[in-house]
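J.: Number 390 in the numbering used here belongs to position 390 of the first sequence; there are no gaps in the numbering.
Even for Gly, the Cβ is constructed at its ideal location relative to N, Cα and C.
The structure is given below, and queries will be raised subsequently.
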Amino acid sequence: MNIRQLLDHHVSKALIAAGAPDKTPAVIKQSNRAEFGDYQANGVMGAAKKLKINPRELATKVLENLDLSDIAEKVEIAGPGFLNIHLKSAWLAEQLELALNSDTLNISPATHPQTVVIDYSAPNLAKEMHVGHLRSTIIGDALVRVLTFIGHKVIRQNHVGDWGTQFGMLLAHMNSLPSSGEALSMQLSDLEGFYRTAKKRFDDEDGFAETARDYVVKLQAGDAECHALWQQFIDISLQHCEDIYSRLNVLLTRDDVMPESAYNHDLANVIKDLDTAGLLTEDQGAQCVFLDEFKGKDDKILPAIVQKSDGGYLYATTDLAALRYRHKELHANRVLYFVDARQSLHLNQVFAIAKAAHFVPQEMQLEHMAFGTMMGKDGKPFKTRDGGTVKLIDLLKEAEQRAFDLVSEKNPDLSEDERKKVAHTVGIGAVKYADLSKNRSSDYIFNWDTMLSFEGNTAPYLQYAYARIQSIFRKAGKIDDTATLHLNEAAEKQLATKLLQLSEAIELVVKDGTPNILCNYLFELAGNFMSFYEACPILKADDEIKNSRLKLAKLTAQTLDTGLGLLGIETLDQM
RNA sequence: GCGCUGGUAGCUCAGUUGGAUAGAGUAUCUGGCUACGAACCAGAGGGUCGGGGGUUCGAAUCCUCCCCAGCGCGCCA
C-alpha cells in the first residue's frame, strides 16, 4: 500500500471527471504543515491554467467527483486551488494492522519485475581498497537490497580491475622475492606497501621496468608460470576485498566477481562487430567510434578509442564486452553503474555505442549512478599527509574503536564481548549511514569526525530508537495482538502516518538510485517515535491505551529494522 | 575553448514532474533525568537559496547571461 499512489489514483480520476484532459497529473505531495492536512493535491491549478478556467471553480468540481470518505475525514480547498487532504485515524489504524500482519510491512511489490544488473564496488586489485571505494560499495549494495525487496531479480556484478600494465610490475617484484606460499601471503598483507615498493623499483631500478614489461607480455600471451603467479596475487587481493565486504556487511561474494580479464576473449569480436556495424573509423592509427551526439560546439566530434594503434584494447572495449554479456547472458532489462562521476563521458559513450551497434536493445535502461570525488578539508582531492589515500580498513577500525569507547562509557554493565559486538554494529552503521545519507553527485568532503559521529542524523540515532523500543518490550511482557489501535494524540497520528510512508521512500530510491531518501525517511520516523515516546507514556497507561501504544512501538521497530536492513545496517536490542 | 557536476544558515547537507511562511543535523544559547534508556526531548537565535535578467497566479526548482569551484575532453583505467 502506497498512500501517495492511492490518492493520486482517486484525485486523477476526479480531475478527469471534472473536465481535465486525460493523464492530468494530480501532483500529490505530503503536506509540509499540519494545517494543510496530511497530503495535498497541487494538480488542480496546473489543469485550470491549461483549461483557462478559474482554479478554485475547478477545485470545487473535482471535489464533487472525489469520494475519499473511506480514507479522509475531510478534503478542503485552500489558497489558489490546493486540495488539502486530512486522513482519517480509523483508516490509518486499519492500514497499520495490515502492515503489522504482513511479512513485508504491506509494501506493494513492483508491478513489472525486472532483471537488474548492479555494477558496483569494482576495486582495482593492484591496490588495497581505500575510502574512495566506500560510496560505490555502500550505495550499490543498498540498491541491491531495495530492488530485491520489492521483487526485482537483481544480479550483482563486481567488475574488479585485475588486468593491465601495472600487474607486470607487481608480478616482477613478486617473483624476485625469495619467499613464497604463506610467507608471501604475509608480504601481501600490506598490499598498499607492496604496490609502493614495486612502483619505486619500476621508477628507480635499472632494468626493472623492462622486466615488468616482459611480464605483461608473458601474461597476455598466456604463459603458464606467469599466469599462476598472477592468479596467486589476485586470490590474495580478492581475499582483502572479501574481508572488507564481510566487515561492512556488504552482500558481494566471490561469485559476484566478474573481472576485466573475463572479457579478454571477446575484445577482438567487439572490434570486428563494430566494424561490421559500420561504426569503426581509423584515426591516427587507432580504431575509433565517432558519434554525432558527442559533438562539441566547434563541431569537432569526440572520439571513443576502442583499439590503440599498437593493437591493444582499452577499458571502453572491455565495458562494451561487459554490456553485451549483461544483455545476452544475464538478460538484464536495466543496468545501474555505481561509478565515479569523472567517468560520465566515457560511460555515456559506451552506452551510446552499444545501442548504435545493436549490442543491446534500445529499450534497455542504462544508468550511470554518478557520485563525486572525495575532497579534503582544503577542497582539494583528498590525500593523507604523505600523499597517499586512507585505507578503508583503517577507517573501519577507527569507527569501531570510537564506538567501543562510547559504549563502554554509556553502558559499562555490558560484558566486553557484548560491547565489542555493539561497537562493530554501531561503528560500521555510522560509517555507512554517513555516506548513504548524502545525495551529492557533486564532490564531497571527507571528515573523520562527521563520518564517525554518533549524534544527530546518524545510524546510531536510528539504532538507539530501535534499542529503546526493545527495552520497553523487555519490561512490558506479553503484547496483546488483538488490542485495538487508537490514534488520539497528535504524536500518535503523526507517527502512524509516517509508518505508512516507507513505501513512498522506497519508490523514489528505486527510481533514482538515491538511498538518502530512505535515510531521510528513517530519520523522520525515528524522530516521530522519539516525540511520541516523550509525549505518550506507554507502560504507565491504562491497558487499552498501553496495548495500542505497544502496537505502534512494535510496528516502529519492525519498520526501522526493515528500513535499516535495506541500507545494509543492522539493529541491536541493547547498545 | 567545449562539456559534465555543483554553489542553500558559521560548518555539513535535505528540499520528491514549479506550490502556501526554504528545512534538518551540527555549533551557540535556554529549559528538561528519583522518569518506558539524556547516543534523547522541548525551545531560541541564525538565510540577498552565487549574481543579473526572463517565463507566471506562484521560482531554490524552468529559460538565458555572467561569476566561482571540482572534474572530464585520442591511444591509463
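1. Excluding the five sequence neighbours on either side, which residues of its own chain have a C-beta within less than 6 Å of the C-beta of residue 434, listed in chain order?
2. Under the assumption that residue 92 contacts residue 498 (Cβ atoms under 8 Å), give the Cβ distance between them as a whole number of angstroms.
3. Just confirm the distance between the C-beta atoms of residue 246 and residue 191, as a whole number of angstroms; I'd bet it's less than 8 Å.
4. Express the C-alpha separation of residue 371 and residue 391 in angstroms, rounding to a whole number.
5. Please name the residue, chosen from 125, 133, 319, 291, that lies closest to residue 239 on a Cα-to-Cα basis.
6. Between residue 560 and residue 522, is the Cβ-Cβ spacing less than 9 Å?
7. How is the alpha helix (DSSP H) around residue 10 delimited, first residue to last?
8. Short check: CB of residue 426 to CB of residue 530, under 9 Å?
9. Entirely within the segment 158-219 and at least 4 residues each: give me those alpha helix (DSSP H) ranges in chain order.
10. Nearest to residue 164 by alpha carbon, out of 513, 261, 366?
11. Which residues mark the beginning and the end of the beta strand (DSSP E) in which residue 286 is found?
12. Pick out whichever of 429, 102, 487 has its Cα sitting closest to the Cα of residue 460.
13. Figure out for me which residue from 291, 308, 310 has the closest Cα to the Cα of residue 576.
14. When DSSP builds the beta bridges, which residues end up paired with residue 42?
15. Taking the alpha-carbon of residue 438 as reference, which of 249, 468, 515 has the nearest alpha-carbon?
16. How do the segment 63-76 and the segment 10-28 stand: do at least 3 beta-carbon pairs fall below 8 Å, yes or no?
17. Quick check: the Cα distance between residue 136 and residue 264, rounded to an integer number of angstroms?
18. Out of 537, 422, 145, 212, which one is the CA nearest neighbour of residue 175?
19. Given that a residue counts as buried once 16 or more other Cβ atoms are within 10 Å of its Cβ, and exposed if not, what is residue 146?
20. Should residue 24 go down as buried or exposed, given a rule of 16 or more other Cβ atoms within 10 Å for buried?
21. In the DSSP assignment, find the beta strand (DSSP E) that holds residue 29 and state where it starts and stops.
22. Count the CB pairs spanning the segment 78-88 and the segment 32-50 that are closer than 8 Å, and state whether there are at least three.
23. If you pair each beta-carbon of the segment 150-162 with each one of the segment 252-259, do three or more pairs fall below 8 Å?
24. If you reduce the DSSP assignment to three classes, tell me which class residue 460 lands in.
25. Using alpha carbons as the reference points, say which of 444, 490, 470 lies closest to residue 554.
26. Would residue 431 pass as a contact of residue 406 if the rule is Cβ separation under 9 Å?
27. By the three-class DSSP mapping on this structure, what secondary structure does residue 370 have?
28. Rounded to the nearest angstrom, what separates residue 539 and residue 77 at their Cα positions?
29. Return the CA-CA distance between residue 286 and residue 373, expressed in angstroms with no decimal places.
30. Determine the burial state of residue 133: buried for a count of at least 16 other Cβ atoms within 10 Å of its Cβ, exposed for fewer.
31. Roughly how many whole angstroms lie between the Cα atoms of residue 464 and residue 111?
32. Would you kindly check if the distance between the Cβ of residue 568 and the Cβ of residue 336 is under 9 Å?
33. Leaving out five residues on either side along the sequence, give the residues of the same chain with a beta carbon under 7 Å from the beta carbon of residue 436.
T.: Based on what the coordinates show:
1. 451
2. At roughly 10 Å, the Cβ-Cβ gap does not stay under 8 Å, so residue 92 and residue 498 are not in contact.
3. Their Cβ separation, rounded to whole angstroms, is 17 Å, which puts residue 246 and residue 191 out of contact at 8 Å.
4. 19 Å
5. 125
6. yes
7. 3-17
8. no
9. 166-176, 181-187, 191-204
10. 261
11. 286-295
12. 429
13. For residue 576 there is no data in the structure shown, the boundaries of the chain being 1 and 575.
14. Its beta-bridge partners do not exist; DSSP assigns none.
15. 515
16. yes
17. 24 Å
18. 212
19. buried
20. buried
21. 28-30
22. yes
23. yes
24. helix
25. 470
26. no
27. coil
28. 41 Å
29. 30 Å
30. buried
31. 35 Å
32. no
33. 138, 139, 142, 515, 516, 519, 567
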